[in-house]
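Visitor: The structure under discussion is supplied below as structure tokens; questions concerning it will follow.
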Amino acid sequence: MQSTLSITDDPGAVESSATAISWGPIIAGAFAASTLTFILMLLGSGLGLSMVSPWSGSSASITSFAVSTAVWLIVVQWLSSGLGGYLAGRLRTKWVGVRTDEVYFRDTAHGFLAWALATLLVVGVLGSALSAAVGSGVQAVSSVAAGAAQGASAGASANAGGASTDNATSYLVDSLFRPADAARLAAANPQNDAAAAAQASRILVASAAAGEVSPEDKTYLSQLVAARTGLSEADAKTRVDTLLAKAQDAKAKAQQAADTARKASATFALLGALSLVIGAFIASAAAALGGRQRDDEEAVFLTSR
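See below:
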């Protein structure tokens, strides 16, 4: 008896000339995935902002904020990629005369392409916003030291012009020339005070750029403080040393905050890349699931007719 081979079992059978890619379901799945991503990102932004408080010590740390954001990105990828991949597999037309393993591969490819297109759409719309969010923490904390130095220069110019400033450097400079006796403040010459404050500001700015205060500058600051405040040279030197210690401590804290922000950004980037890999896998698996359900339900429907 002569055996017959079906077109799905014969390796030499000629397949249809129709393309193996159905762009309609891919585009539909990509739009659905990108829309759900946008909605979930808005939801995540609301939840993330609730973690940030203007009160000191009341908000989450930079590392916690970055890790929680990256975990949320994984959740977003899981849900949106699953939806987009499933639609891409479920909405495609039935391939007739194609082997089962080839159908599985095509469905998987459709899910991956839907995920890739959705990722490009999301990057195009939200890419700049996400980049700004990632870099804002590092930029903010890394500018603390530079801002302090600029504030010192600005404070000196403002004092020379008779205007008052609220920046921290001006406060530190004022603390150098605070008289031991408050009655001396009324008798002080404003022009001389402004000139002394300008000199001290320039010394502090130059020392910040050099990384340390030279012994000559420290001695001169002590003499300047003693002359303008009425303190003894020993007390003036103690005040200068205290100020320099505070400035060094602030610099160390700024560097530590910058390093923490850098590590948090690196963690965010790694977990973000992991979320994309998870999204690609979920989209491919969901498309294969949707395609198989579509073929099985159509087979059941045709059998019941």
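So this note's numbering is basically just the index in the sequence shown, starting at one, shifted up by 17. Cβ coordinates follow ideal geometry from the N, Cα and C atoms, glycine included.
Quick check: G41 and A305, are their CB atoms within less than 8 Å of each other?
Guide: No, the pair does not count as a contact, with Cβ atoms beyond the cut-off.
Visitor: Classify S321: buried if its beta carbon has 16 or more other beta carbons within 10 angstroms, exposed otherwise.
Guide: So S321 counts as exposed.
Visitor: What does the alpha-carbon distance come out to for the pair T21 and A87?
Guide: Reliability of the predicted coordinates at T21 is poor, the pLDDT of 41 falling under 50, and no value is obtained from them.
Visitor: To the nearest angstrom, report how far apart A211 and D258 are at their CA atoms.
Guide: About 22 Å.
Visitor: Given this structure, state the Cα-to-Cα distance separating W6 from A283, to the nearest angstrom.
Guide: Because the chain in this structure spans residues 18 to 322, residue 6 falls outside the shown range and cannot be described.
Visitor: Which word fits S81, buried or exposed, when buried means at least 16 other C-beta atoms lie within 10 angstroms of its C-beta?
Guide: S81 should be labelled exposed.
Visitor: Just verifying my parser: in three-state terms, what is the DSSP assignment at A62?
Guide: Per the sequence shown, residue 62 should be read as Ser rather than Ala. Note: S62 maps to helix in three-state DSSP.
Visitor: May I ask whether a heavy atom of the ligand GDP can be found less than 7 Å away from the beta carbon of E233?
Guide: Judged by which ligands are present, the structure shown has none, so any question about the ligand GDP falls away.
Visitor: If you count every other CB in all the chains shown that lies within 10 Å of the CB of A290, and 16 or more means buried, which is it?
Guide: So A290 ends up on the exposed side.
Visitor: For a test of the three-state rule: what should DSSP assign to L108, helix, strand or coil?
Guide: L108 falls in the coil class under three-state DSSP.
Visitor: In whole angstroms, what separates the C-alpha of S218 from that of L238?
Guide: Computed Cα separation, rounded: 10 Å.
Visitor: Grouping DSSP H, G and I as helix and E and B as strand, with all else coil, what is S170?
Guide: Here S170 scores only 43 on pLDDT, less than 50, and its place in the model should not be relied on; the value that follows carries that caveat. Note: S170 maps to helix in three-state DSSP.
Visitor: Quick one: what does DSSP say S249 is sitting in, helix, strand or coil?
Guide: Note: S249 maps to coil in three-state DSSP.
Visitor: So A213 and R245 are in contact, right, with Cβ under 8 Å, and what is the actual spacing, rounded?
Guide: Between R245 and A213 the Cβ distance is about 5 Å, and since that is below 8 Å, they are a contact.
Visitor: By DSSP, does A271 sit in helix, in strand, or in coil?
Guide: The answer is helix: DSSP assigns A271 an H, G or I state.
Visitor: Please classify L108 as buried or exposed, where buried requires at least 16 neighbouring CB atoms within 10 angstroms.
Guide: Buried, since its Cβ has 16 or more Cβ neighbours within 10 Å.
Visitor: Would you mind giving the Cβ-Cβ distance between T125 and S301, rounded to the nearest angstrom? I have them listed as a contact below 8 Å.
Guide: Right, their Cβ atoms sit about 4 Å apart.
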